[in-house]
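Trainee:
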Amino acid sequence: MSRARLLLVDDEPELVFTMAERLELRGFEVDAVTSGEEALKRIEEHDYHVAVVDVKMPGLDGHQVLEQIKARFPDISVILLTGHGGDEEGEVGMRLGACAYLFKPVNIADLIETMRECAGGFSDE
Amino acid sequence: MSERPAALAKKLAFFGAITASLSHELKNVLATINEFSGLLDDLCQAAAGGKAPSPERLVNISGKISKQVKRGETLIQRLNRFAHSVDEPRASVELKELLERICIICDRFAKLGQATLERRFPEGEREITSDPFTLQQVVYLGVRAALATAGQQRRITVALELDAPRPTIAIESADPIGPEDPENTEHALLRELATELGAELQWTGSATPARIALALPG
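Each protein sequence line maps, in turn, to chains W and H. Just so we're aligned, residue 39 is where the first sequence starts under the numbering used here, counting upward by one. Just so we're aligned, residue 2 is where the second sequence starts under the numbering used here, counting upward by one.
#1: Can you list, in chain order, the residues of its chain whose CB lies under 7 Å from that of R60/W, leaving out five sequence neighbours each side?
#2: In chain order, what are the residue ranges of uninterrupted alpha helix (DSSP H) at least 4 long that sit wholly in the region 48-121 of chain W?
#3: Can you grab the Cα-Cα spacing for the pair D69/W / V88/W, in whole Å?
#4: Would you say N185/H lies against chain W (beta-carbon separation less than 9 Å)?
#5: Checking 9 Å against the spacing of the C-beta atoms, do E173/H and I157/H come in under that value?
#6: Spatial neighbours of I59/H within its chain, please: C-beta separation below 8 Å, excluding the five flanking residues on both sides.
#7: In the structure shown, what three-state DSSP assignment does V159/H receive?
#8: Quick one: is H188/H buried, meaning 16 or more other Cβ sit within 10 Å of its Cβ, or exposed?
#9: Suppose contacts are defined by Cβ-Cβ distances below 9 Å. Is I107/W in contact with I114/W by that definition?
#10: On the CB-based measure, 16 or more other CB atoms within 10 Å of its CB, does K52/H come out buried or exposed?
#11: Using a Cβ-Cβ cut-off of less than 9 Å, list which residues of the region 70-103 of chain W approach chain H; keep chain order.
#12: Where do the N-terminal and C-terminal ends of the beta strand (DSSP E) with E201/H fall, by residue?
#13: Does T56/W have its Cβ less than 9 Å from a Cβ in chain H?
#14: Which chain H residues are close to V144/W, counting only those with a beta carbon under 9 Å from its beta carbon?
#15: Would you report the Cα separation of G114/H and P96/W, rounded to the nearest angstrom?
#16: Report the residues of the region 44-68 of chain W with a CB closer than 8 Å to any CB of chain H, ordered along the chain.
#17: Look at the Cβ atom of L217/H, then the Cβ atom of T135/H, and state whether they are nearer than 9 Å.
#18: Does the beta-carbon of S86/H have 16 or more other beta-carbons within 10 angstroms, so that it is buried, or is it exposed?
#19: Straight-line CA distance for R109/H to S22/H?
#20: Between the beta-carbon of I213/H and the beta-carbon of P168/H, is there less than 9 Å?
#21: Grouping DSSP H, G and I as helix and E and B as strand, with all else coil, what is R121/H?
#22: G128/W CB to nearest chain H CB: under 9 Å?
#23: In its own chain, which residues sit with a C-beta less than 6 Å from the C-beta of P112/W, not counting the 5 before and 5 after it?
#24: Following the continuous alpha helix (DSSP H) through R82/H, name the residue where it begins and the one where it ends.
#25: I'd like to know if Q137/H contacts chain W, where contact means its C-beta is closer than 9 Å to some C-beta of that chain.
#26: Check each candidate in L202/H, N35/H, E74/H, N81/H and name the one with the smallest Cα separation from I19/H.
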């Protein structure tokens, strides 16, 4: 069982880097980037079990990033983060192949549980 | 259930777009504070295990939380000012101040479209009597029209011109702005609202710079 490798994608730098630090403290291997374009570049260069992707971003948005990941790297589980008040954005993502969606602000325990449900088979130790 | 009158529906759509955008940004602020708060919790747990964080680290995190609280407060002020702009259909409007407010709101739309929104305002202020809500909607629609066809340069400017006989609000783009299309609902609405304001709309999308100008009454 390999150690979990995660990619976090959000255009809010303080949010994404702090979330990354908290997940690292819990034993995950984490990369964090602030755009969809950067995310796809990282995915080409490294292996990840899960990508956690914000929906609303400048340039490639979360749905577009999700579509490209699913087309080119179907083994990566994608969890969307939405700042939307309702389910609409998340449901669009589910139809595009997301494993799950969570509303911001996210409880880190919920995020970890969702990652396990989506991509079990990894260890955070 | 009866349908809303078309004019009201169009205004509500604008109100909805702006409040959704501002509340979305507010969620990002709360999400960031949530992460900092969680990190402090994590550091406290580490301290209990004998790995205390440095005071500098804690001061740094606390400073970042304060910055996000300030950002949230500013967003709520903007939301509140915008919500109150529907209070009076005719009110005394300070043009530069109104433009600054709607530009700050439009900054997020420009950012999502990977464009920058610049301002070009004169020194003085001009006060007119107008419908502040509709004026903001016209600027928003102009910025959206420019964003829709922004190409390489992606630099849009909102300008206030007070040297002409009539005060003029102009939305200019370093890229061409698509031709006015009466079939495009937002273009049609922009012209309709300009008429409602008693303003003259000039659309010169292929000029340099490309420009949508609104000459306001007096």
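C-beta atoms are modelled at their ideal positions from N, C-alpha and C, and glycine is treated no differently.
Mentor: Quick look at the numbers:
#1: I146
#2: 51-63, 74-83, 100-110
#3: Counting only the Cα atoms, V88/W lies some 11 Å from D69/W.
#4: no
#5: yes
#6: The identity of residue 59/H in the sequence shown is Leu, whereas the question assumes Ile. Result list for L59/H: L41, L44, in chain order.
#7: strand
#8: buried
#9: Here I107/W is near I114/W, since their CB atoms are less than 9 Å apart.
#10: exposed
#11: D92, K94, M95, P96, G97, D99
#12: 201-205
#13: yes
#14: A32, N35, E36
#15: 6 Å
#16: Answer set for the region 44-68 of chain W: E50, E52, L53, T56, M57, E59, R60, L63.
#17: no
#18: buried
#19: 8 Å
#20: no
#21: strand
#22: no
#23: none
#24: Residues 56-85.
#25: no
#26: N81/H
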